[in-house]
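At position 48 of the sequence shown (counting the first as 1) the number is 993 in our numbering, and the numbers step up by one without a gap. Think of the CB as a built atom: it goes at the ideal place given N, C-alpha and C, for glycine as much as any other residue. Treat the numbers as computed from the prediction; the structure is a model and nothing was measured. All remarks here apply to the structure that follows.
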Amino acid sequence: MSENILQEKSYKFALRIVKLSQYLNDEKREFVLSKKILDSGTAIGVLIEEAKQGENRADFLQKFSVANKEAFKTNFWLRLLRDGDFLSEKQAQSLLADCEELQKLLISSLKTAKQSD
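Given below as structure tokens:
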């Protein structure tokens, strides 16, 4: 898995999360969960970017590990927003699919990196 693909996918996902947060604020008048998903959903991409600049392998692994945790948190917030009727099933499914893809890519990258040790 190319890190550039992961960077690109995480950036596009972060952009979708920013737009989701704006939608939740403007249309649903929801400010607490929108902030939480904004934080976790954009952190994934930031951590992947930071990992590229890591000083060593341990730093790289740590950043990817935290990015993976943020992806799991984002998945939780998306399900909560869906089940709390802030998002339609269709809206949630698309975002959840992208989030789950990032989770799988991060887990795969972590396994590969750890096996290389």
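Same chain, Cβ closer than 6 Å to residue i, five either side skipped, listed in chain order
| i | result |
| --- | --- |
| Lys1018 | Ser985 |
| Glu953 | none |
Rounded straight-line distance, which links the Cα of residue j to that of residue i
| i | j | result |
| --- | --- | --- |
| Val991 | Leu1055 | 17 Å |
| Ser1033 | Ser1061 | 42 Å |
| Ser1010 | Lys964 | 25 Å |
| Arg1024 | Leu960 | 19 Å |
| Asn949 | Gln1038 | 25 Å |
| Arg1027 | Glu1000 | 39 Å |
Whether residue i touches residue j by CB criterion (7 Å)
| i | j | result |
| --- | --- | --- |
| Leu951 | Ile993 | yes |
| Lys1008 | Ala996 | yes |
| Lys957 | Phe1031 | no |
Cβ shell of residue i (< 8 Å), same chain only, five flanking positions each side left out
| i | result |
| --- | --- |
| Asn1067 | With the chain running from 946 to 1062 in the structure shown, residue 1067 is simply not present. |
Cβ separation of residue i and residue j, assumed to be a contact under 8 Å, to the nearest whole Å
| i | j | result |
| --- | --- | --- |
| Ser979 | Leu969 | 4 Å |
| Phe1021 | Ala1058 | Wrong, their Cβ atoms sit about 25 Å apart, outside the cutoff. |
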